[in-house]
Amino acid sequence: MIFTSLEFLVFFGLVVAIRWPMQNQSLEKWFLLVASWLFYMSWNPPFVLLLLGITTSDYFIGKAIARSNKSSTRHLLMGASLSIDLGILAFFKYANFLTDQWRVILSLTGVEADPVFWEIILPAGISFFVFQSLSYTFDIYRGKLSPTNSWRDYSLFIAFFPQLVAGPIVRAADFLPQLGKRTRPQAALFESGLALFLLGAFKKAVLSDQIAPQVNLVFASPSQFDQITLIAALLGFAAQIYLDFSGYSDMAIGCARMMGYRFLDNFAMPYKSFSITEFWHRWHISLSTWLRDYVYISFGGSRHGTVRTYVNLLVTMLLGGLWHGASWNFVLWGGIHGAALCVHKVWCHLLNKNPSAPVQGFGAILFGWSLAFVVVVLAWIPFRCANFGEASQFFLGVVGFGNGTINTISPQLLAGLFILIMGQLMFSKNQSWDVEIPERPFWYRFAAYSFLAAMIVVFGVTQAVPFIYFQF
Amino acid sequence: MLCKLFKSFLSVVRGPWCTILSLFVLVFCSAAVFSHFIAYALGFRQIKSVQQATEPTGHFSRPVFSFGSSLKGFAIDEALLTNARGWHTISKGCGAGSPAEFEFLLNDSANNSSLIIFTSIFEMSEGMISPSRTSLVPFLQSVQDTWDMVLGWEQTKTILWKYPLDSLQEVFPTLGRSWEVQVLARDKIRALLGRSSTPASDDGPIDLNPTSNEIQSSLLDWDSGRLERNVVQMQQMSVSLHSNFAGPKSRALDRILTRSRQSDTFNIVVILPVSPAFISRNVDREAVNAFDLALIKLQDRHPDALIIRLDNEGLLQNDDLFWDLVHMNARGQASTTALLLERLNNTTLQK
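Protein chains in written order, with the working numbering: chain A, 26 to 497; chain V, 22 to 372.
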């Protein structure tokens, strides 16, 4: 059930309409929980059991960690939570990949193996809800969070349908307190949610889905296309993945807001970043902060010297790449970003600057933006290509060493790029439309919403095109 | 005036929820008006579900009914065929039509001597759904067919959601037709700039039968970029790669042939060719085998029906005979009609 599909609009409309008159808070939460399970079952019904399993195990482990005073027991329980969650993730996501790597290692030693590859269906959103559940036990283990006494509340935190399939990765500390008090949708919050949902649908159905077929065409066989087409497709993919994922996040946050719940932002104009460090403060924020808090800091963060800091950063980004999928391409993507972050840190260290501090001066801004943008865009090549071979073909084509001759730059691609560039130029990095628009006069809001709605009904793609991040 | 009225309405019913509701209604209405305006300004074609042509060439008590989509109109010179065979033909069809839709066009076609159904691998694929499906096939029939044929959830959902989606198109005529909007807008801009439109529109044929302009050019005139873009567009029209030939369409064809046989009608199924460019990019070997198997099973169930496969004719496997990826041009039409006549002449037909 994709957010831009008619079936989701019907489902969501029913959920809001049925929940609205409910007076009993407990009943309301049970209703949202059952609706979330039904939402998840629309992908593959049996996998709801997996969701229930992870939820239940971490709920009880969390309680046990909080009860235990012995450090060794807490270690053991945290290890159990990690093993269960990561074990499930590893099985569904990486089993065949790991088997294949084992085969490659054996063949390098001269042993030809013919391993069995399972036909494993990846449960929708598994990477997201596993990370969300893990953050709960981690926070209790670190003493930052008290466990909830309600299995229902914990289940709703994990399964709440707006964020279930592709995030944002919500933290228990942000969400569980919202379940503690009765949340009635307020008019201003509802409108802000509706505005965000409309904006997200515009990004997804009008922009991303129009660009997608043209980008897919070029990435399917990059060796056929000439340099300019490859560059256009690469920029097109940069636009597509941002519009697709930030559009999804906007819709998820918008849905939650319409029901009275608040999620933190997941994107903040990432392509306007003046450095790669800033890019990671603005791109997929819920994942980057998760990796920082639970991987980078767990490895020691910056507490063990300069070299160890860089190693920790690189390993964190490599794992972040692997989180996206079982392929060396994603590892390479993570590696490029990790290396770029290290280089930026070294550069800032040499200049005695804080990597997160704002860049000053026109020259520095232009240089920083160009460099960060080129690195980010080029890193999308291994991310999007099916394998190393295609990625290297694509890269060679982009830098002018390809043999392809087909030139096909579609009007949709040009229009998408134009809108993206105008969006970058016209709007401030810190502008939050969903907050700003509802505060404007009636006619302004009417014009803004009408524009978005009109674009969706005229240029929107209605075929259900899955969000890119659903595959992760 | 309207603004004053609206303000007075607001002054009566105050409160934030009222403002939001008013906004919602106004935005909904303005989007609908804009959609209608765009459809009107671009000269949106009203998709006719049924087009009918009668070619009486004699006084026959029992006419020949011919069903097909625009593929038939482009591939077969029906006037020539009718005259050569001395038939009284009543021709019916709809855009991207398949037996699932033809079955309901057949309802008023009793007492015919022969029934000819023109179709192709493109139209028989269950992943490809005609825009006329919802206006011709009752919802409950679609529910029953998808249930009986155990279609996958994705395909079932796509077929059944088309019904409410088409109802929404009454309010927003451009909804789900962004490709058409873009092609028509491009042609309008070209016309405004004084540049002629492309010889073959990327939006497919306007009518079930070709115009003289459409029938002259060939797929070989297309540059590779245009070909690739159109291949992508064709792939988007389909739920999946063409590979499933067991669903509501094959079931409807089965029913048509069974019913016709019971009323003493001679059944002919003609499989039309599509371009090699389309086949190479949209249909893999597995799909071709599945299609062959579906036709063999059909022949087994209906041994008295005549199945003529023009899609396997080597002579027609040439992109130069096609106007776009699936429609033939004048040369293709001449060759296909001649081949069909030859096959029909070699067969003893009952009149």
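Just so you know, even glycine gets a beta-carbon here, dropped at the ideal spot from N, CA and C. Model, not experiment: these values are computed from the prediction.
Within chain A, the residues that residue i reaches when beta carbons sit closer than 7 Å
i      : result
V/A52  : S475, A478, A479 and V482
V/V171 : Per Cβ cutoff of 7 Å: no residues; V/V171 is ~16 Å from chain A at best.
V/W38  : A212
V/F123 : Those do not exist, as V/F123 stays about 25 Å from chain A at its closest Cβ, beyond 7 Å.
V/G246 : I431, N432 and T433
V/L47  : F471
Neighbouring residues, chain V, relative to residue i (Cβ below 7 Å)
i      : result
A/T487 : L186, L196 and G197
A/S435 : R250
A/Q418 : Ordered by position in chain V, no residue passes the 7 Å Cβ test against A/Q418, which lies about 17 Å from the chain.
A/F56  : Going along chain V, no residue has its Cβ under 7 Å from A/F56, so there is no contact; the nearest lies around 22 Å.
A/F227 : Going along chain V, no residue has its Cβ under 7 Å from A/F227, so there is no contact; the nearest lies around 12 Å.
A/F215 : I41
Partners in chain V for residue i, counting only beta-carbon separations shorter than 8 Å
i      : result
A/L242 : E249, R250, V252 and V253
A/Q48  : The premise fails here: A/Q48 is roughly 18 Å from chain V at the closest Cβ pair, so nothing lies under 8 Å.
C-alpha gap between residue i and residue j, whole angstroms
i      : j      : result
A/V399 : A/D251 : 19 Å
V/F139 : A/F355 : 48 Å
A/W180 : A/A60  : Note that residue 180 of chain A is Ser in the sequence shown, not Trp. Near 12 Å, if we compare the C-alpha coordinates of A/A60 and A/S180.
A/G330 : A/V336 : 10 Å
A/P407 : V/F123 : 48 Å
A/W348 : V/A62  : 49 Å
A/W358 : V/E144 : 42 Å
A/S248 : A/G427 : 7 Å
V/A221 : V/S238 : Residue confidence is low: V/A221 scores 48 on pLDDT, short of 50, so the model does not pin down where it sits. No coordinate-derived value is stated.
V/V85  : V/V290 : 13 Å
V/T286 : V/D325 : 10 Å
A/L75  : A/N291 : 26 Å
V/A355 : V/G94  : 12 Å
A/G448 : A/I90  : 48 Å
V/R207 : V/E201 : 10 Å
A/L189 : A/C280 : 12 Å
A/A138 : A/R128 : 6 Å
A/I109 : A/I146 : 19 Å
A/R126 : A/W353 : Note that residue 126 of chain A is Gln in the sequence shown, not Arg. Those two C-alpha atoms are separated by around 10 Å.
A/M342 : A/I310 : 14 Å
Neighbourhood of residue i by C-beta distance below 7 Å, restricted to the same chain and skipping five residues each side
i      : result
A/I462 : A220, R470 and A473
V/A121 : R154, V158, P269, K270 and A273
V/R322 : D275
A/E53  : R44 and M47
V/L186 : G197
A/V231 : M480, I481, F484 and G485
A/Y119 : A351
V/T358 : I97, D98, L101 and L102
A/G393 : F299, S300 and V384
A/W143 : A120 and N121
Chain A residues whose Cβ lies nearer than 8 Å to that of residue i
i      : result
V/I59  : V483
V/G64  : Ordered by position in chain A, no residue passes the 8 Å Cβ test against V/G64, which lies about 15 Å from the chain.
V/A241 : For the sequence presented, residue 241 of chain V should be read as Leu rather than Ala. In chain order: nothing, as chain A lies at least about 16 Å away.
Partner residues on chain A for residue i, Cβ-Cβ distance less than 9 Å
i      : result
V/W182 : S30, L31, E32 and A489
Pair within 8 Å by beta-carbon distance, residue i and residue j
i      : j      : result
A/V482 : V/S51  : no
A/L255 : A/V41  : no
A/F244 : A/R92  : no
A/A277 : A/F270 : no
V/L127 : V/I277 : yes
Own chain partners of residue i with C-beta closer than 6 Å, once the 5 adjacent residues on each side are dropped
i      : result
A/C526 : In the structure as shown, chain A starts at 26 and stops at 497, and residue 526 of chain A therefore has no counterpart that could be examined.
V/G36  : none
V/L362 : A105
A/F215 : M283
A/A149 : W68 and V190
A/V73  : W62, Y65 and M66
Cβ of residue i within 8 Å of any chain B Cβ
i      : result
A/R470 : Structure shown: chain B not included; protein chains present are A and V.
Cut-off 8 Å between Cβ atoms - residues of its own chain near residue i, not counting five sequence neighbours on either side
i      : result
A/F420 : L403 and I406
Contact list for residue i against chain V, beta-carbon separation under 9 Å
i      : result
A/F467 : L31, T40, S43 and L44
A/P238 : R250, V253, Q254, Q256 and Q257
Heavy atom of the ligand FMN within 7 Å of residue i beta-carbon
i      : result
A/L289 : With respect to the ligand FMN, the structure shown offers nothing to examine, as it has no ligands at all.
Chain A contacts from the segment 306-332 of chain V (Cβ-Cβ distance under 7 Å): Answer set for the segment 306-332 of chain V: empty.
Chain V contacts from the segment 167-196 of chain A (Cβ-Cβ distance under 8 Å): Contact annotation: in the segment 167-196 of chain A, no residue has its CB less than 8 Å from a CB in chain V.
Residues of the segment 335-360 of chain A with Cβ closer than 7 Å to any Cβ of chain V, in chain order: Taking 7 Å as the upper bound on Cβ-Cβ separation, chain V lies near no residue of the segment 335-360 of chain A.
Interfacial residues, the segment 197-212 of chain V to chain A, with Cβ spacing under 9 Å: Taking 9 Å as the upper bound on Cβ-Cβ separation, chain A lies near residues G197, R198, S199, W200, V202, Q203 and R207 of the segment 197-212 of chain V.
Contact set between the segment 270-304 of chain V and chain A, restricted to residues whose Cβ is under 9 Å from the partner: Contacts with chain A (Cβ-Cβ distance below 9 Å) from the segment 270-304 of chain V involve no residue at all.
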